[in-house]
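*Asks:*
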Amino acid sequence: MLNKTVSQSSSADEILEQFHRSRKHSTDLIVNLNPEDCQAQSMEDASPAKWHLAHVTWFYEVMVLKPFEEKFAYWNPEFAVLFNSYYNGIGDKHPRSKRGLLTRPSLAEVIEWRKNIEDRVIKLIKEKSSAELLWLIQLGINHEQQHQELLLTDIHHLLSNNSLFPAYESQSHHIPTSEKPFQWIKGVSGLVETGYEGNDFHFDNERPKHSALNQTHSIGNRLVSNSEWLQFIEDGGYQHFQWWLDAGWAWLQTEKISAPLYWNKDAQNQFFRFSLYGNSLLDMHAPVSNISYFEADAFSRWASQNLTGFAGARLPTEFEWEAFARSNSESHYDLFGKAWQWTSSNYSPYPGYQPWGGIAGEYNGKFMVNQMVLKGSSEYTPVGHSRDTYRNFFPTHARWQMTGLRLAKDGI
Ligand SMILES: [Fe+2]
Numbered sequence: 000m001l002n003k004t005v006s007q008s009s010s011a012d013e014i015l016e017q018f019h020r021s022r023k024h025s026t027d028l029i030v031n032l033n034p035e036d037c038q039a040q041s042m043e044d045a046s047p048a049k050w051h052l053a054h055v056t057w058f059y060e061v062m063v064l065k066p067f068e069e070k071f072a073y074w075n076p077e078f079a080v081l082f083n084s085y086y087n088g089i090g091d092k093h094p095r096s097k098r099g100l101l102t103r104p105s106l107a108e109v110i111e112w113r114k115n116i117e118d119r120v121i122k123l124i125k126e127k128s129s130a131e132l133l134w135l136i137q138l139g140i141n142h143e144q145q146h147q148e149l150l151l152t153d154i155h156h157l158l159s160n161n162s163l164f165p166a167y168e169s170q171s172h173h174i175p176t177s178e179k180p181f182q183w184i185k186g187v188s189g190l191v192e193t194g195y196e197g198n199d200f201h202f203d204n205e206r207p208k209h210s211a212l213n214q215t216h217s218i219g220n221r222l223v224s225n226s227e228w229l230q231f232i233e234d235g236g237y238q239h240f241q242w243w244l245d246a247g248w249a250w251l252q253t254e255k256i257s258a259p260l261y262w263n264k265d266a267q268n269q270f271f272r273f274s275l276y277g278n279s280l281l282d283m284h285a286p287v288s289n290i291s292y293f294e295a296d297a298f299s300r301w302a303s304q305n306l307t308g309f310a311g312a313r314l315p316t317e318f319e320w321e322a323f324a325r326s327n328s329e330s331h332y333d334l335f336g337k338a339w340q341w342t343s344s345n346y347s348p349y350p351g352y353q354p355w356g357g358i359a360g361e362y363n364g365k366f367m368v369n370q371m372v373l374k375g376s377s378e379y380t381p382v383g384h385s386r387d388t389y390r391n392f393f394p395t396h397a398r399w400q401m402t403g404l405r406l407a408k409d410g411i
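Using numbering that gives the first Met the number 0, read the sequence shown as starting at 0 and increasing by one per residue.
Written out as structure tokens, the structure is:
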């Protein structure tokens with residue numbers, strides 16, 4: 000059913016422990032939210048928190064319990080339609096743009112359903128620990144982790160639509176950020192190993208491991224900061240077509256884009272940024288985030304000609320980024336945990352790519368067009384969900400995710 004991916008290095012006990020942790024983490028994320036917060040959908044790309052909590056539960060019910068439980072029965076067969084995201088192989092789906100209109104089931108009912116499915120999954124792991132079952136549980140855990148990040152990005156977007164800019168949580172202490180001096184680091188050139196090889200959990204889009212050819216290049220030691228982005232704005236970066244791809248220029252004009260998402264100005268014309276901690280004066284030293292691919296690309300072209308020390312700047316390819324991360328795994332180049340980093344690589348299959356078999360085959364492969372690869376992870380990414388072979392992907396205009404950039408250039 001699952002091609003050659005049914006292997007894992009974790010034991011049933013370890014997977015059970017990861018399952019408990021990931022399920023608890025999801026419900027922890029809504030502790031500060033009221034049922035109305037969990038209900039609303041701010042735009043088509045974003046889903047209500049309640050929908051995320053339900054969908055990850057649907058995933059276990061359909062992918063794990065249905066094929067493995069001896070006397071399987073749906074908790075409620077109608078949920079199979081309401082919380083199917085994009086799996087045509089499973090059947091009908093409630094329209095994505097109308098997820099916020101699903102006032103039934105209630106949040107309380109979704110939580111009750113979650114508990115039922117959890118108990119049944121735990122029972123199953125204890126009774127049958129076949130490699131295929133354990134792999135599917137790991138897929139369920141990793142899937143839920145992806146939705147934990149989406150839940151936060153979607154709540155961030157939802158709360159940004161409230162004129163009072165309510166905080167999702169209070170910041171217990173202010174963590175001052177410092178900006179390291181920018182430096183070019185010599186990248187790994189020649190034939191480089193790319194992609195995942197091993198038995199720990201990974202997605203099918205990370206395979207197979209293969210060689211990619213990197214030309215001689217350099218990579219930035221840190222992410223582009225808000226202060227650098229402000230210089231781009233003040234230099235008219237959003238007003239000059241020459242920095243922009245044609246599609247980006249059209250997008251910018253249609254959408255009236257003039258700053259990263261969540262930036263706003265006060266009466267004194269000072270920039271603030273809305274985050275999950277509320278609206279605060281823009282932290283100049285923090286990495287810029289919530290920018291589209293179009294913006295990242297335009298910034299690199301502008302920086303190449305206008306920022307001292309940035310001559311030749313461009314976006315890295317995913318292969319340059321991955322080789323850099325692999326050769327610097329112990330270093331502090333903001334590779335992970337700050338902002339996803341746009342690359343100039345199209346989200347395409349690796350040579351020899353095979354989607355997983357069965358229903359899970361719809362997970363990644365069918366999205367391999369019109370999207371760009373992002374590497375690293377963000378401050379919203381759950382612990383344990385990052386690796387250098389990970390390939391995130393979004394369309395060129397998307398910017399409600401925590402997306403930033405790292406620069407590269409040809410030569411040393
Ligand atoms: Fe999903």
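Note that CB positions come from ideal geometry on N, CA and C, so glycine has one too.
I want to check one thing, is the minimum distance from the CB of residue 46 to the heavy atoms of ligand 1 below 6 Å?
*Replies:* Counted from its first residue, the sequence shown places residue 46 at position 47. False, no ligand heavy atom lies under 6 Å from that Cβ.
*Asks:* Restricting to Cα atoms, I'd like to know which of 54, 71, 126, 128 is closest to residue 98.
*Replies:* The count along the sequence shown starts at 1 and reaches residue 98 at position 99. When only C-alpha atoms are compared, the closest one is 54.
*Asks:* Give the secondary structure of residue 214 by DSSP, where H, G and I count as helix, E and B as strand, and everything else as coil.
*Replies:* Here the question's residue 214 lines up with position 215 in the sequence shown. Three-state result, residue 214: coil.
*Asks:* Would you please state the rounded distance, in angstroms, between the beta carbons of residue 157 and residue 246? I believe it to be under 8 Å.
*Replies:* Mapped onto the sequence shown, residue 157 falls at position 158. Mapped onto the sequence shown, residue 246 falls at position 247. 28 Å between Cβ atoms; not a contact.
*Asks:* Can you tell me which residues fall inside 6 Å of ligand 1, judged by beta-carbon distance to its nearest heavy atom, and keep chain order?
*Replies:* 54, 84, 142, 146
*Asks:* In chain order, what residues of the same chain have a beta carbon less than 7 Å from the beta carbon of residue 182, not counting five sequence neighbours either side?
*Replies:* Working through the sequence shown from its first residue, we reach residue 182 at position 183. Shown here for residue 182: same chain residues with a beta carbon closer than 7 Å to its own, the five before and five after excluded, namely 220 in chain order.
*Asks:* Quick one: is residue 23 buried, meaning 16 or more other Cβ sit within 10 Å of its Cβ, or exposed?
*Replies:* For the purposes of this step, residue 23 is identified with residue 24 of the sequence shown, where counting begins at 1. That one is exposed.
*Asks:* With contact counted as at least three CB pairs below 8 Å, one residue from each stretch, are the segment 77-87 and the segment 136-143 in contact?
*Replies:* These segments do not touch.
*Asks:* Using the three-state DSSP reduction, which class does residue 408 fall into: helix, strand or coil?
*Replies:* Position 409 of the sequence shown, counted from the start, is the residue given in the question as residue 408. Three-state DSSP puts residue 408 in a strand.
*Asks:* Determine whether the beta carbon atoms of residue 344 and residue 372 lie at a separation below 7 Å.
*Replies:* Working through the sequence shown from its first residue, we reach residue 344 at position 345. Working through the sequence shown from its first residue, we reach residue 372 at position 373. In this structure, residue 372 lies closer than 7 Å to residue 344 by Cβ.
*Asks:* Label residue 85 either buried or exposed according to how many other C-beta atoms from any shown protein chain fall within 10 Å of its C-beta, with 16 as the threshold for buried.
*Replies:* Within the sequence shown, residue 85 is the residue found at index 86, counting from 1. Classification for residue 85: exposed.
*Asks:* What is the residue span of the alpha helix (DSSP H) that residue 340 lies within?
*Replies:* If you number the sequence shown from 1, residue 340 lands on position 341. No alpha helix (DSSP H) holds residue 340; the beta strand (DSSP E) holding it covers 339-345.
*Asks:* Between which two residues does the alpha helix (DSSP H) carrying residue 135 extend?
*Replies:* For the purposes of this step, residue 135 is taken as the residue at position 136 of the sequence shown. 130-159 is the extent of the alpha helix (DSSP H) around residue 135.
*Asks:* Throw me the rounded Cβ distance for the residue 281 and residue 270 pair, which I believe falls under 8 Å.
*Replies:* Numbered from 1 along the sequence shown, position 282 holds the residue referred to as residue 281. Numbered from 1 along the sequence shown, position 271 holds the residue referred to as residue 270. The C-beta distance from residue 281 to residue 270 rounds to 4 Å, short enough to fall under 8 Å.
*Asks:* Of the residues 387, 354, 240, which one's Cα is nearest the Cα of residue 334?
*Replies:* Taking the sequence shown and counting its residues from 1, one reaches residue 334 at position 335. When C-alpha distances from residue 334 are compared across 387, 354, 240, the shortest belongs to 387.
*Asks:* I'd like to check one pair, residue 67 with residue 15: are the Cβ atoms closer than 7 Å?
*Replies:* Here residue 15 refers to the residue found at position 16 when the sequence shown is read from its first residue. Here residue 67 refers to the residue found at position 68 when the sequence shown is read from its first residue. No; because the gap between Cβ atoms is not below 7 Å, this pair is not in contact.
*Asks:* Using three-state DSSP, classify residue 317 as helix, strand or coil.
*Replies:* If you number the sequence shown from 1, residue 317 lands on position 318. Here residue 317 sits in helix by DSSP.
*Asks:* With the cut-off set at 7 Å, would you say residue 370 and residue 332 are in Cβ contact?
*Replies:* As a first step, residue 370 is located in the sequence shown; it is residue number 371 there, counting from the start. As a first step, residue 332 is located in the sequence shown; it is residue number 333 there, counting from the start. Cβ atoms of residue 370 and residue 332: not closer than 7 Å.
*Asks:* Per DSSP, what are the beta-bridge partners of residue 193 in this structure?
*Replies:* One-based indexing of the sequence shown puts residue 193 at position 194. According to DSSP, residue 193 bridges with 209.
*Asks:* From the DSSP output, which residues share a beta bridge with residue 371?
*Replies:* Translated into the one-based positions of the sequence shown, residue 371 becomes position 372. Residue 371 is bridged to 345, 393.
*Asks:* When the Cα of residue 366 is compared with those of 389, 394, 406, which residue comes out closest?
*Replies:* Your numbering for residue 366 matches position 367 in the sequence shown. Nearest C-alpha to residue 366: 394.
*Asks:* Please tell me whether residue 287 and residue 248 are closer than 7 Å, where the distance is taken between their beta carbons.
*Replies:* By one-based count along the sequence shown, residue 287 stands at place 288. By one-based count along the sequence shown, residue 248 stands at place 249. In this structure, residue 248 does not lie closer than 7 Å to residue 287 by Cβ.
*Asks:* Does the segment 197-205 come into contact with the segment 310-323, if we say contact requires no fewer than three beta-carbon pairs (one atom in each stretch) closer than 8 Å?
*Replies:* no
*Asks:* Tell me whether residue 127 sits in a helix, a strand or coil according to DSSP, three-state version.
*Replies:* Taking the sequence shown and counting its residues from 1, the one referred to as residue 127 is at position 128. In this structure, residue 127 counts as coil in the three-state DSSP scheme.
*Asks:* How far does the alpha helix (DSSP H) with residue 247 in it extend, from its first residue to its last?
*Replies:* If you number the sequence shown from 1, residue 247 lands on position 248. Run containing residue 247: 245-254, per the alpha helix (DSSP H) assignment.
*Asks:* How long is the line joining the alpha carbons of residue 264 and residue 307, rounded to whole angstroms?
*Replies:* Position 265 of the sequence shown, counting from 1, holds the residue named residue 264. Position 308 of the sequence shown, counting from 1, holds the residue named residue 307. Each residue's Cα considered, the two are about 27 Å apart.
*Asks:* If the criterion is Cβ atoms closer than 7 Å, does the pair residue 155 and residue 51 meet it?
*Replies:* Locating residue 155 in the sequence shown gives position 156, where the first residue counts as 1. Locating residue 51 in the sequence shown gives position 52, where the first residue counts as 1. No, they are not a contact pair.
*Asks:* How many whole angstroms separate the CB atoms of residue 186 and residue 407, which I take to be in contact at a CB cut-off of 8 Å?
*Replies:* If you number the sequence shown from 1, residue 186 lands on position 187. If you number the sequence shown from 1, residue 407 lands on position 408. A Cβ-Cβ separation of about 7 Å places residue 186 in contact with residue 407 under the 8 Å criterion.
*Asks:* Is DSSP giving residue 398 helix, strand or coil here?
*Replies:* As a first step, residue 398 must be located in the sequence shown, where it is residue number 399. Coil, per DSSP.
*Asks:* Give me the Cβ distance between residue 224 and residue 285, rounded to the nearest whole Å; I'm assuming they're in contact under 8 Å.
*Replies:* Translated into positions along the sequence shown, residue 224 becomes position 225. Translated into positions along the sequence shown, residue 285 becomes position 286. Yes, residue 224 and residue 285 are in contact; Cβ-Cβ is about 7 Å, under 8 Å.
*Asks:* Go ahead and pull the three-state DSSP assignment for residue 34.
*Replies:* Position 35 of the sequence shown, counting from 1, holds the residue named residue 34. In this structure, residue 34 counts as helix in the three-state DSSP scheme.
*Asks:* Taking the DSSP output, what are the residues bridged to residue 65?
*Replies:* Within the sequence shown, residue 65 is the residue found at index 66, counting from 1. Paired residue(s): none; residue 65 is not in a bridge.
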